[in-house]
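Peer 1: Chain order of the listed sequences is A and B. Start counting the first sequence at 395; every next residue gets the next number (our numbering). Start counting the second sequence at 4; every next residue gets the next number (our numbering). Structure in structure tokens, see below.
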Amino acid sequence: MRKVFCVACILGLALVLQADDSQRLVVRGTVTRSGGSRPVTDGTVELRWPGHEDAFAPVTTPIREDGSYFLEVGTDPTAVPTRELTVTAMGRACELLEKPLPATAAADGGPIQVDFAAKSSTLNGILDIFHCCILTWGILTVMLPAFLLGAAITAFVPSQAVLNLLGPQAPRWKAYGAAVGSGMVLSLCSCNVVPLFAGIWRRGAGTGPAFAFLYSGPAVNLVAIIFTCQVIGLPFGLYRTLAVAVIAVVTGVLMARLFGEARTGGAAGASLPLMSFGPSARVTGMLLALLLYLLVVGSFRTAPVWRVSLTAPAGLGLVALAVWGLGRANTVAWLKEAWHLVLLVVPVLLPAVLVIGLIALYTPLTVTRWMSGNNGVLANLGAATFGSLMYFPILTEVAFGKALLKVMGISVGPAVALILTAPGLSLPGMIIIHKEVGWTRMLTYVAIVTVLATVAGMFFGSQWGSYLCSCAF
Amino acid sequence: MQLRLLTQSAAVAVLITAGWGCRPRNQAQAAPAPAPAHGAGAKDQLQVYAPCGMEAPFMELETLFEKTHPGVDVNLLLDNAHILTERILDKRERPDVVVSPGGHELHALVEAGLIKTADLHPFSPLDLCLFVPRANTAGVNSMEDLLKDSVKVLAVADPDKTSIGHFTVEALTKAGLWDRLQSKVVITGDASQTYKHVASAKADASFAYRSCPLKTAPDKLEYSKVRVIQSVPENLYGPARATLAVMSTASRRDLADEFVKMAFSEPGRAVFAKFDMPCLPEAGGATDAAKP
Numbered sequence: 395m396r397k398v399f400c401v402a403c404i405l406g407l408a409l410v411l412q413a414d415d416s417q418r419l420v421v422r423g424t425v426t427r428s429g430g431s432r433p434v435t436d437g438t439v440e441l442r443w444p445g446h447e448d449a450f451a452p453v454t455t456p457i458r459e460d461g462s463y464f465l466e467v468g469t470d471p472t473a474v475p476t477r478e479l480t481v482t483a484m485g486r487a488c489e490l491l492e493k494p495l496p497a498t499a500a501a502d503g504g505p506i507q508v509d510f511a512a513k514s515s516t517l518n519g520i521l522d523i524f525h526c527c528i529l530t531w532g533i534l535t536v537m538l539p540a541f542l543l544g545a546a547i548t549a550f551v552p553s554q555a556v557l558n559l560l561g562p563q564a565p566r567w568k569a570y571g572a573a574v575g576s577g578m579v580l581s582l583c584s585c586n587v588v589p590l591f592a593g594i595w596r597r598g599a600g601t602g603p604a605f606a607f608l609y610s611g612p613a614v615n616l617v618a619i620i621f622t623c624q625v626i627g628l629p630f631g632l633y634r635t636l637a638v639a640v641i642a643v644v645t646g647v648l649m650a651r652l653f654g655e656a657r658t659g660g661a662a663g664a665s666l667p668l669m670s671f672g673p674s675a676r677v678t679g680m681l682l683a684l685l686l687y688l689l690v691v692g693s694f695r696t697a698p699v700w701r702v703s704l705t706a707p708a709g710l711g712l713v714a715l716a717v718w719g720l721g722r723a724n725t726v727a728w729l730k731e732a733w734h735l736v737l738l739v740v741p742v743l744l745p746a747v748l749v750i751g752l753i754a755l756y757t758p759l760t761v762t763r764w765m766s767g768n769n770g771v772l773a774n775l776g777a778a779t780f781g782s783l784m785y786f787p788i789l790t791e792v793a794f795g796k797a798l799l800k801v802m803g804i805s806v807g808p809a810v811a812l813i814l815t816a817p818g819l820s821l822p823g824m825i826i827i828h829k830e831v832g833w834t835r836m837l838t839y840v841a842i843v844t845v846l847a848t849v850a851g852m853f854f855g856s857q858w859g860s861y862l863c864s865c866a867f
Numbered sequence: 004m005q006l007r008l009l010t011q012s013a014a015v016a017v018l019i020t021a022g023w024g025c026r027p028r029n030q031a032q033a034a035p036a037p038a039p040a041h042g043a044g045a046k047d048q049l050q051v052y053a054p055c056g057m058e059a060p061f062m063e064l065e066t067l068f069e070k071t072h073p074g075v076d077v078n079l080l081l082d083n084a085h086i087l088t089e090r091i092l093d094k095r096e097r098p099d100v101v102v103s104p105g106g107h108e109l110h111a112l113v114e115a116g117l118i119k120t121a122d123l124h125p126f127s128p129l130d131l132c133l134f135v136p137r138a139n140t141a142g143v144n145s146m147e148d149l150l151k152d153s154v155k156v157l158a159v160a161d162p163d164k165t166s167i168g169h170f171t172v173e174a175l176t177k178a179g180l181w182d183r184l185q186s187k188v189v190i191t192g193d194a195s196q197t198y199k200h201v202a203s204a205k206a207d208a209s210f211a212y213r214s215c216p217l218k219t220a221p222d223k224l225e226y227s228k229v230r231v232i233q234s235v236p237e238n239l240y241g242p243a244r245a246t247l248a249v250m251s252t253a254s255r256r257d258l259a260d261e262f263v264k265m266a267f268s269e270p271g272r273a274v275f276a277k278f279d280m281p282c283l284p285e286a287g288g289a290t291d292a293a294k295p
């Protein structure tokens with residue numbers, strides 16, 4: 395009996411000694427809100443071995459009312475490397491914050507202090523989507539010159555001459571060229587292209603160029619193209635420009651074949667009066683070159699010192715050109731046009747971005763899964779049709795496309811198809827257009843653009859592969 | 004005249020802006036490195052295509068190889084493995100060495116005669132695991148839990164294009180779950196997209212290799228937002244092996260072989276081990292396991 399007792403004692407002692415081999419980790423600290431000492435009073439703190447939660451079960455503890463927490467756990471250093479453990483604060487309405495256990499943890503043996511300053515997560519989920527491309531200070535250095543460039547072209551390039559080229563008497567290549575290029579010159583958005591189209595249609599513009607203009611006007615808006623490059627990526631912006639030009643011309647040619655090129659009635663052949671205005675071509679050219687330079691340099695991801703060094707001389711040159719080259723009247727006209735563009739875009743874009751972010755965050759993936767990992771006809775046609783029916787205020791189609799790509803993970807092809815139809819077509823626009831051209835022409839036009847955008851989306855999707863946001867992985 | 008000049012200026016402005024002003028910032032989307040240059044003083048070029056999920060070890064191997072081969076410049080192109088395969092097949096790009104997680108992506112290259120089976124080198128076993136958003140609000144604790152009503156979306160990488168998707172479908176099918184999960188499955192273009200969906204809690208669960216990219220490209224992942232639930236039993240899939248292959252069309256076969264040799268030397272193995280990708284003892288010689 396005594397022997398048995400002795401053996402039991404020895405075994406018990408061995409077990410205790412073995413238990414002593416395991417390391418006791420004591421982690422404590424506080425969780426406060428960043429930018430102050432206000433404690434986070436609701437939430438949990440978790441100790442885990444990232445990537446090995448099935449081997450080492452995470453240990454959690456609640457955050458106390460004063461923001462403090464206390465964790466105690468026994469670990470086997472041979473099985474769980476202490477240096478790979480992390481502590482995470484998960485406070486209510488706070489961003490999740492994870493920190494590695496300090497390197498001294500294993501050596502000290504005493505309590506390990508890990509404090510957290512957690513950021514509030516209000517709106518952060520929404521803002522996160524666009525923090526790399528739209529809601530960043532970097533966008534100012536690109537979009538500000540873009541607005542000024544767009545305004546300079548609108549203010550100083552005689553748009554009447556461009557629009558007059560759309561008439562039935564104009565050579566075909568000139569008419570289509572003007573139709574495609576006019577969007578860039580006129581800085582149109584999807585809402586103001588319709589009345590302009592109605593105007594040139596009533597004056598007897600050729601069927602083909604008129605419809606080419608109707609589509610490409612808002613779709614190749616200079617600001618929108620630059621915005622696409624900035625927000626989604628250079629190849630998307632480039633492809634958008636090219637695809638819009640091709641779709642516009644093909645649509646125009648098809649419409650002319652189906653309904654006849656020359657039209658009579660109304661004020662056929664009437665031209666807008668040409669007005670001589672603006673500075674000389676040399677001054678305008680210098681202005682455009684300087685703005686272009688600022689735009690290019692503004693897009694560089696360089697240190698602020700370099701940015702200032704590269705942009706300051708051009709900025710001074712711009713001021714000098716405005717004062718001595720353009721003259722007061724032209725400068726005022728140019729800045730007014732820029733302000734008009736900003737007012738047209740920004741008050742709509744910023745709330746729209748938040749709404750798009752909100753929709754993207756709370757829409758289940760199952761809603762868009764037919765466009766996810768799928769570059770087929772139906773996915774592209776569906777996206778193009780959606781884009782042609784929905785009304786997208788200027789530039790919002792880009793933010794919408796970005797959210798679909800980044801958050802919903804749709805394929806590149808459908809996103810491009812949507813971006814190609816969204817600016818030029820909308821249900822409200824169709825209703826107004828049908829009053830001018832009739833149901834047959836209007837529906838044919840919508841069908842042609844939608845099909846061509848589908849093809850363009852499929853082509854780009856097949857060439858590009860998957861989309862990776864610069865900030866996402 | 005003025006109109007023409009201004010129109011031309013505007014056109015040039017836009018083209019230059021588009022071309023220079025908004026450059027891509029994603030290495031994965033960058034153009035491939037230029038063709039080998041052969042001239043006085045020019046370094047020999049070795050083109051290596053590797054999955055972006057293995058960025059960290061292959062960046063180190065690149066440095067290691069260039070250090071031991073001073074006259075060689077390794078051009079490492081990182082992208083999703085199936086994108087790399089498509090570039091080789093569709094765009095006729097011809098790297099010297101290709102790496103793939105799981106080997107499935109290399110199947111098409113073997114079929115196209117661009118890689119000989121003998122040149123496939125499976126080198127590290129990959130552990131397929133089930134992972135969920137950090138909060139795990141759907142309460143997933145095992146593969147069977149995916150059938151719960153609380154699980155609304157299961158993100159799966161394209162099984163036709165990616166090895167991770169291929170093995171996921173294989174495992175779920177063998178477990179008798181795949182057909183019953185169809186209404187919840189969202190197929191994504193690539194593995195990183197599935198990871199992103201889980202990290203943002205848009206998906207309730209997905210599958211990934213434990214070490215790739217969770218350990219091999221940590222800078223690209225928001226790992227704090229996910230947690231691993233379990234390893235998928237090995238009898239349900241695979242074997243999944245990270246595979247390195249020398250292209251039959253390699254312009255510098257000697258350098259490509261040198262690269263493979265270096266990758267499986269002691270220093271090379273140490274690099275892989277550092278990122279939780281321990282090399283198989285037999286790595287360096289082709290085996291049947293490599294065959295797709």
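Yeah, the Cβ is synthetic: ideal placement off N, Cα and C, and Gly gets one too.
1. Quick check on glutamate 58 of chain B: buried or exposed, where buried means 16 or more other Cβ atoms within 10 Å of its Cβ?
2. Of all Cβ atoms in chain B, is any one closer than 8 Å to the Cβ of glutamate 478 of chain A?
3. Taking the alpha carbon of glycine 823 of chain A as the point to measure from, which residue in A/Cys583, A/Gly721, A/Glu440 and A/Thr426 has its own alpha carbon closest?
4. Can you name the start and end residues of the alpha helix (DSSP H) that methionine 265 of chain B belongs to?
5. Which chain B residues sit within Cβ distance under 8 Å of glutamate 466 of chain A?
6. Contact check, serine 820 of chain A vs methionine 784 of chain A under 8 Å by CB: the rounded distance?
7. Measuring only between beta-carbons, confirm whether isoleucine 91 of chain B sits less than 8 Å from chain A.
8. Going by beta carbon distance, what residues of the same chain come within less than 6 Å of threonine 455 of chain A, once the five residues before and after it are set aside?
9. Is the beta carbon of leucine 283 of chain B closer than 8 Å to that of alanine 266 of chain B?
10. For alanine 141 of chain B and chain C, any beta-carbon pair shorter than 8 Å?
11. Since alanine 202 of chain B contacts valine 229 of chain B with CB under 8 Å, what's their CB separation in whole angstroms?
12. Would you decide whether glycine 24 of chain B is buried or exposed? Buried here means 16 or more other CB atoms lie within 10 Å of its CB.
13. What residue does the beta strand (DSSP E) around methionine 484 of chain A start on, and which one ends it?
14. Between the beta-carbon of alanine 259 of chain B and the beta-carbon of valine 77 of chain B, is there less than 8 Å?
15. If we count the other Cβ atoms within 10 Å of its Cβ and call it buried at 16 or more, is glutamine 185 of chain B buried or exposed?
16. Count the other CB atoms, across all protein chains shown, that sit within 10 Å of the CB of lysine 264 of chain B; report buried if there are 16 or more and exposed otherwise.
17. Residues of chain B with a CB under 7 Å from the CB of glutamate 492 of chain A: which are they?
18. Who are the neighbours of glutamate 447 of chain A on chain B, taking C-beta pairs under 8 Å?
19. What distance in whole Å lies between the Cβ atoms of lysine 155 of chain B and lysine 119 of chain B, which are believed to be in contact at a cut-off of 8 Å?
20. Could you name the residues of the same chain whose beta carbon sits closer than 7 Å to that of alanine 573 of chain A, not counting the 5 residues immediately before and after it, in chain order?
21. Determine the contact status of alanine 512 of chain A and valine 434 of chain A, defining contact as a CB-CB distance below 8 Å.
22. Listed from N- to C-terminal order along the chain, which residues in the region 182-203 of chain B have their beta-carbon within a distance smaller than 9 Å of any beta-carbon of chain A?
23. Run through chain A and tell me which residues come within less than 7 Å of alanine 206 of chain B, C-beta to C-beta.
24. Would you please verify whether the beta carbon of valine 801 of chain A is less than 8 Å from any beta carbon of chain B?
25. What runs of the beta strand (DSSP E), each 3 residues or longer, lie entirely inside the region 583-620 of chain A?
26. Can you check DSSP and say which residues form a bridge with glutamine 383 of chain A?
27. Quick check on valine 100 of chain B: does DSSP put it in helix, strand or coil?
28. Return helix, strand or coil for isoleucine 788 of chain A, following the three-state DSSP convention.
29. Taking Cβ positions, are isoleucine 528 of chain A and alanine 793 of chain A nearer each other than 8 Å?
30. Taking C-beta to C-beta, are valine 869 of chain A and valine 617 of chain A nearer than 8 Å?
31. Applying the 10 Å Cβ sphere with the 16-neighbour rule, what's the burial state of arginine 722 of chain A?
32. In the DSSP assignment, find the beta strand (DSSP E) that holds valine 2 of chain B and state where it starts and stops.
33. Hey, serine 805 of chain A and alanine 773 of chain A: beta-carbon distance below 8 Å or not?
34. Look at alanine 850 of chain A and alanine 639 of chain A and say whether their C-beta atoms are less than 8 Å apart.
35. Measure from the alpha carbon of leucine 149 of chain B to the alpha carbon of each residue in B/His85, B/Ala178, B/Asp122 and B/Gly168, then state which is nearest.
36. Return the CA-CA distance between isoleucine 547 of chain A and threonine 725 of chain A, expressed in angstroms with no decimal places.
Peer 2: On the basis of the coordinates in this document:
1. Per the 10 Å Cβ criterion, buried.
2. With 8 Å as the cut-off, glutamate 478 of chain A does not count as an interface residue toward chain B.
3. Distances from the alpha-carbon of glycine 823 of chain A to those of A/Cys583, A/Gly721, A/Glu440 and A/Thr426 put A/Cys583 closest.
4. In the DSSP assignment, methionine 265 of chain B falls within the alpha helix (DSSP H) that extends over 256-266.
5. Correct list: empty, because the minimum Cβ distance to chain B is about 21 Å.
6. Their Cβ separation, rounded to whole angstroms, is 6 Å, which keeps serine 820 of chain A and methionine 784 of chain A in contact under 8 Å.
7. Not closer than 8 Å to any Cβ of chain A, the Cβ of isoleucine 91 of chain B fails to qualify, so no.
8. Counting only Cβ-Cβ distances below 6 Å, and skipping sequence neighbours, we find Val439, Tyr463 and Leu465.
9. Not closer than 8 Å, so no.
10. The question asks about chain C, but that chain is absent: this structure's protein chains are A and B.
11. A Cβ-Cβ separation of about 6 Å places alanine 202 of chain B in contact with valine 229 of chain B under the 8 Å criterion.
12. Residue confidence for glycine 24 of chain B is low, a pLDDT of 35 falling below 50, so the modelled location carries little weight; the figure read from the coordinates is stated next. Around the beta-carbon of glycine 24 of chain B, 16 or more other beta-carbon atoms lie within 10 Å, marking it buried.
13. Methionine 484 of chain A -> beta strand (DSSP E) spans 480-485.
14. No, they are not a contact pair.
15. Glutamine 185 of chain B comes out exposed.
16. By the neighbour-count rule (16 or more Cβ atoms within 10 Å), lysine 264 of chain B is not buried but exposed.
17. In chain order: Ser227.
18. Within chain B, Arg230, Val231 and Ile232 have C-beta atoms less than 8 Å from the C-beta of glutamate 447 of chain A, given in sequence order.
19. Contact check for lysine 119 of chain B and lysine 155 of chain B: beta-carbon distance about 45 Å, past the 8 Å limit, so the pair fails to qualify.
20. Cβ neighbours of alanine 573 of chain A beyond the five flanking positions: Leu560, Pro603, Ala606, Phe607, Ser610, Ala642 and Gly646.
21. A contact, by the Cβ cut-off of 8 Å.
22. Listed by position along the chain: Ser186, Lys187, Val188, Val189, Ile190, Thr191, Gly192, Asp193, Ser195, Gln196, Thr197, Tyr198, Lys199, His200 and Ser203.
23. Those are Leu759, listed as they occur along chain A.
24. Yes - at least one Cβ of chain B is within 8 Å of the one on valine 801 of chain A.
25. You should have found no qualifying run.
26. Beyond the ends of chain A as shown, which are 395 and 867, falls residue 383 of chain A; an answer cannot be given.
27. Three-state result, valine 100 of chain B: strand.
28. In the displayed model, isoleucine 788 of chain A falls within coil according to three-state DSSP, outside both helix and strand.
29. Yes.
30. Past the edges of chain A, shown from 395 to 867, lies residue 869 of chain A, and the structure says nothing about it.
31. With a threshold of 16 other beta carbon atoms within 10 Å, arginine 722 of chain A falls short and is exposed.
32. Residue 2 of chain B is absent from the structure shown; chain B starts at 4 and stops at 295.
33. Taking the C-beta atoms as reference points, alanine 773 of chain A is found nearer than 8 Å to serine 805 of chain A.
34. Result no, Cβ atoms of alanine 850 of chain A and alanine 639 of chain A do not sit closer than 8 Å.
35. Checked all of B/His85, B/Ala178, B/Asp122 and B/Gly168; the closest Cα to leucine 149 of chain B is B/Ala178.
36. Using only the alpha carbons, I get a separation of about 13 Å.
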